[in-house]
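Written below as structure tokens is the structure these notes are about.
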Amino acid sequence: MSLPKFASWNVRGFNNPDKVSFCKSLISSLNLKMLCILEAKISLASSDDLWFQRSHRLFENEGNCNNFGDSVLGRIWIKWDESVLSFNPIASSFQHIHGILSVGSFPPIFLTVIYAANSVEDRKKLWDQIIASSPPLDQPWVILGDFNCYRYETEKAGGTVSTSSRLGELNSFIFNCGVQDLSSTGLYYTWFNQRVDNPIHIKFDRVLVNNALLDVFPHAYYRVESHLGSDHSPIIFNSYHKKALSVRFMFKNYWINMEGFWDDVMSAFSSRSDRSPLASFAHSLQTLKRSLKNKNWASSSYLSNALLEIKSKQQLCLEQLQTQPLDLDLNQDLKNSNEKLATFQNLWTSWIAQRAKVLWLTKGEDDLGFLFAHIRSRNNKNNIKEINTPDGHFTKFNDISSTVINHFEGLFNSSHPDLQLPLDIPSGKLLPSHCSEDLVASLTFDEVKKAVFEGNENTAPRPNGFTYAFYRKSWHIIGLQVFNAVGNFFSTGSLPRGVKATAIALIPKCSHASNLSDFRPISLCNVLYKIVAKVIANRLKVTLQHIIHESQSGFIANRCSTDNIILAAELLRDFKGKNKMFCAKLDIKKAFDSISREFIIARLLQKGFPQLFVNWIKGCISDVHFSICLNGSLEGFFKSSSGLRQGCPLSPLLFCIAMDGLSNILTDPAYPHNFKGIYCKDFYINHLMYADDLLMMGESSRENANMLKTCLKHFATISGLHINPSKSAIIFSSNDPNNQTICEELGIHNINLHLTYLGIPISPKRLKTTHFQPLLSKISALLAGWKNKFLSFAGRVQFLKFTIINSIAYWIRGSIIPKGCCDTINKLCSKFLFHNNLVERKLHLISWSQVNIPKDAGGLGIPSIDALYFGVFCSIVGRFYNNQNLLTCWYKAKHISPLKHPTSTASKTWRRITETFSKIKRLLQFSVANHSTFSFLWDPLINGNAFGDIIYMPGLDDMLIKDYFRNDSWYLPNHFHPSIHDTIKSVDIKGTNEVLWNGNSKWDFKNFTEFFYSHLPKVDWYRSIWHKNYALKYACFTWMARIGKLKMADNLLLRGISVPVNCSLCLGHAENHPHLFFDCDFSFYILKKILPAFSSFLLRPTLPQALDFIENSETLNSSGKSAYFLAISCIT
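Here full-length UniProt numbering is used: the first residue of the sequence shown is 1, the next is one more, and so on.
Listed below in structure tokens is the structure:
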């Protein structure tokens, strides 16, 4: 069943007969039963006129209400068909009407219709009014209409850019209401200014819903229709979308705890057959699947029903015990019910966590409210309601299915010209001989086990439904058979079609996804196939650093992708000189989906891979069949002849080998069409790569652009990878007369002042705060997400530590974030942590800087931006000396050494690196070999000092240690003073050439941040709170109590906030930390009852004394102390 459709539309005046006609046409064509007319522009007198009412009637049995009495000119007029539904207004203002919508047997739905004012001040009053009248959380709620503001930068095209504060207005309202954007289809923008010379399009109109609405109507959505005589589009609420009848099998992790599960596993995998080990294992999986489907506990509804039943029995026991408290049978029944309830609650939590796939919550806090909200929101957005293609608009499931299948069948069967062997491109670095044996070595049991246990248990279900969790939990039973099945492939090089079968899941990029380009296709491969591919990938990735060009930073061991971003930014700084240069960011059309598999195989052979290993690769990537995962159902089954699967462990590695062909074309001096790049002394570069992200830089001339075009065209012919000029962009040196010529030559017409490379802005000019707006918008959107309203304080700590910090850290590794942006981020994070509100000014007693310091220094251990930057620059220093790449080579060519004073033209990044080096210099030990590439003059080789600090000798800046060695001994020029000879020869020469961090060859980020905070004194109580078995939700409040920062009466009165003075527990003493923990009669009584050891105290302890007593106890072992500390945390 579904609700009748209803709509909202800003008609810009309902007093025009044409507008009435448009409304009737809309109602008729879409079968609407309610229409909310906005900006009606009707006076109260007109609405009371009977003739006017008849001429403006939209439904035969019409009910209506309006807010004409709240405004000078009528703004909102709601009309509905009384024979189908009813609407009861509860509150209204000149900007909204709020009431209850009733339809048949459906639960009542709270409906708020909005036509927001133009001014921010008036809208703020509207938000406050709506929040004040918001319904209970368990009641369905819909908010729709014209909000006259928007959420994100992408919701406006044209005109001036809005400030982050204006964008935050609607986001803050959504967060405070606990609602979310309903998924939508149709048009994206809902308003057009009707000006052709300066067009502006904005998404002003939208539908918001709460969690309870999605409980009742999980597949609800709204459609934005075309403009009909107004500058606004009507928005149509649909509560139902027809789903596929069949739902695919999915292994649920909680099944391993259900009765009969292990018997079925043993039965399925104990049978013997004449099939091959691979076929036999696949058959056993099918047998087990059929058996599991027939279990009464297979459906997740079994858990929810069981929980309701157990709770009912528990309640009955409790009621009976009120009259028979000493009945032994009743007490035993209650104990059994409690134990069973705890068991099933854990199973339910496990299932919800599996569905939510929110990994950071496994780090210490499981907020089920957040998980439920996350699941509902994702399911609502993932449901595909319609698809628009050049062939038409499709809304029926079968039509959508056919359209999507045809699209991907064509994509994965792209035609490629016959490949001429051998390949006529440079081979580049060949596979070292010592790697060949390792690649084709005999399969080991540990290799297979490692591949299984590296997998994520909560990934999306595979085509056959089994997850890594099944393989890992049942490894003791099926492990040997898995090994034999994988070994069978390594013997034959062949995989059954069903094992390689792959499902394509379509992940929407936004809540308004209707075109195929709005979805990101992800390949879901069967776990058995992924085990095979993972074993091969683990062998292959060890070799890539030896054979892949240095410009490729993606998926290669010991290479850092963000170093390419820093290098790109450094190269663009040199665009300011006389030399005319250009930098082009190139987009490859459907890179992974269209690459030629024949080219990959040929490239592997050209690189010198053993034929046996190449056969294994061919067995994995050839003859692959696909199905489409559409609204929970697997649709279609078609063969493919091109492309790599995004989701296969082999795909990124094989793609890097393919793209290495382009690197060799661009850099091989013997290639006839040599593209000229950028020089700095002996350093040369003309491109950077991260998988399929290409950045080309070189001399700005028509001839050079033609060379690049020829290289790209030749590579496209043999690989199937073509450049998409419309999505590519280019930057030129200032006042370059050749820019138009080069653009025409390359077919790129998007000339920019800055580029976004790997998600981070780079530019020849200094970046402004506005360039970092995407980061601020992302952080704001993550923190203000409505789902976060359900997070506890501990959950917010985890969200900051594992989601926000990771987002910030990526930008830190690739750019220098302006101080103003850093301050904004710190303020947002602080408000989120302590108040879960980003807008309102509220009191918090703990500074953000105290949160940032490590736990052993009295903080929460969420690293500061400065600490992250320090760690990043330490890492770059480590790579500068121990792991040379393109960035470090550029820095050595440009600046020689971080100890040398930076020039006036040095970048801010290099200056920060040199500052960091000076701070850590005393921790570094230089191990010098006779082949060392250390700077002879500027690296600190003499007790932490450089030769250049002792005596400066002109002309030696670029000299290296190895330049002064012959036949393994020093060979110093005669003009050096004898004392300098002695000083130089005092350097201890060793067999290795590396720099050690505090005596250790491993440069660990954790050590960098520890050193950053090493000046802070350690607190002696941190282990009492952050012990091995701490519970985060309790430990956080114990931490606040220990540092005396809970919002107690003494702290609030000190800040001028009037509150009751006395303790709310005993009512006899002033409330403060020492009293509450544990001088208070009530709190001390609780402490003694839970931990009887405190009964021996003559004087009541404070919280620090209680923690010290446990820490110094001689009768408790480590486990006992942890239990006592946990109990103290729970009490506080």
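Yeah, the Cβ is synthetic: ideal placement off N, Cα and C, and Gly gets one too.
Element boundaries [alpha helix (DSSP H), containing residue i]
i, result
"Gly1068", "Looking at the DSSP string, Gly1068 is not in any alpha helix (DSSP H), and its letter there is neither H nor E."
"Thr349", "Leu328 to Ala356"
"Val448", "Phe445 to Phe453"
"Met619", "One point to set straight first is that residue 619 is Gly, not Met, in the sequence displayed. Here the alpha helix (DSSP H) through Gly619 covers Gln611 to Ile621."
"Glu598", "Arg597 to Gln606"
"Val224", "No alpha helix (DSSP H) contains Val224, which is instead part of the beta strand (DSSP E) from Tyr221 to Val224."
"Trp910", "Lys908 to Ile920"
"Asn388", "Per DSSP, Asn388 belongs to no alpha helix (DSSP H); it is in the beta strand (DSSP E), Ile387 to Thr389."
Three-way DSSP call (helix, strand, coil) for residue i in this model
i, result
"Pro902", "coil"
"Asn1112", "coil"
"Lys1088", "helix"
"Ser633", "strand"
"Glu365", "Since pLDDT at Glu365 reaches only 49, below the 50 mark, its modelled position is unreliable, and the value read off the structure follows with that caveat. Here Glu365 sits in coil by DSSP."
"Leu182", "coil"
"Met707", "helix"
"Val1061", "coil"
"His835", "helix"
"Pro325", "coil"
"Pro508", "strand"
"Met34", "strand"
"Gln798", "helix"
"Phe6", "strand"
"Glu744", "helix"
"Asn88", "strand"
For residue i, the nearest candidate out of the options (CA to CA)
i, options, result
"Lys576", "Ser792, Gly554, Lys765 and Gly647", "Lys765"
"Asp963", "Asn930, Phe976, Phe59 and Glu155", "Asn930"
"Phe790", "Pro140, Gly99, Asn211 and Trp51", "Asn211"
"Phe171", "Leu758, Pro649, Ser777 and Lys676", "What sits at residue 171 in the sequence shown is Asn, not Phe. That would be Ser777, whose Cα lies nearest to the Cα of Asn171."
"Lys125", "Leu137, His96 and Gln545", "His96"
"Lys853", "Asp693, His981, Ala893 and Val1019", "It should be noted that the sequence gives Ile, not Lys, for residue 853. Looking at the Cα atoms, Val1019 is the closest of the given residues."
"Asp563", "Tyr810, Ile1057 and Pro898", "Tyr810"
"Val624", "Leu644, Glu635 and Ile805", "Leu644"
"Ala784", "Arg813, Ile817, Ser807 and Asn837", "Asn837"
"Leu38", "Pro463, Ser304, Thr916 and Ser233", "Ser233"
"Ile723", "Ser622, Lys590 and Pro774", "Lys590"
"Ser92", "Asn738, Glu153, Gly104 and Phe68", "Phe68"
"residue 1147", "Ala306, Thr770 and Pro737", "Outside the displayed range of the chain (1 to 1132) lies residue 1147, so it cannot be described from this structure."
"Ser517", "Phe470, Glu1010 and Leu411", "Leu411"
Burial state of residue i, where buried means 16 or more other Cβ atoms lie within 10 Å
i, result
"Met696", "buried"
"Phe599", "buried"
"Asn967", "exposed"
"Ala342", "exposed"
"Leu85", "buried"
"Thr1115", "exposed"
"Tyr869", "buried"
"Glu60", "exposed"
"Thr492", "exposed"
"His1027", "buried"
"Glu365", "Its pLDDT being 49, under 50, Glu365 is placed unreliably by the model, and the measurement read from it follows with that caveat. Classification of Glu365: buried, given that the 10 Å Cβ count is 16 or more."
"Lys335", "exposed"
"Ala485", "buried"
"Pro17", "exposed"
Element boundaries [beta strand (DSSP E), containing residue i]
i, result
"Lys289", "Counting along the chain, Lys289 falls outside any beta strand (DSSP E), though it belongs to the alpha helix (DSSP H) covering Pro277 to Lys293."
CB contact check: residue i to chain D, cutoff 7 Å
i, result
"Phe626", "Of the chains in the structure shown, none is chain D; there is only one protein chain."
(request) Determine contact between the stretch 291-298 and the stretch 261-268, defined as no fewer than three beta-carbon pairs at a distance below 8 Å. (result) These segments touch.
(message) Under 8 Å, with one C-beta from each stretch per pair, do the stretch 981-993 and the stretch 812-828 reach the 3-pair mark?
(response) Cβ pair count under 8 Å is below three, so no.
(request) Decide yes or no for the touch test of the stretch 666-686 against the stretch 611-626: beta carbon pairs closer than 8 Å, at least 3 of them. (result) In short, these stretches do not touch, since the Cβ pair count stays below three.
(message) Whether or not the stretch 152-163 and the stretch 195-209 are in contact is what I'm after, with contact meaning three or more pairs of Cβ atoms, one per stretch, closer than 8 Å; do they touch?
(response) In short, these stretches touch, since the Cβ pair count reaches three.
(request) Check whether the stretch 418-426 touches the stretch 648-660, counting contact only when three or more Cβ pairs, one atom from each stretch, lie closer than 8 Å. (result) Segment contact: the stretch 418-426 against the stretch 648-660, fewer than three CB-CB distances shorter than 8 Å; contact not assigned.
(message) Would the stretch 1036-1045 count as touching the stretch 1124-1132 if we require 3 or more Cβ pairs under 8 Å?
(response) The stretch 1124-1132 and the stretch 1036-1045 touch, with three or more beta-carbon pairs separated by less than 8 Å.
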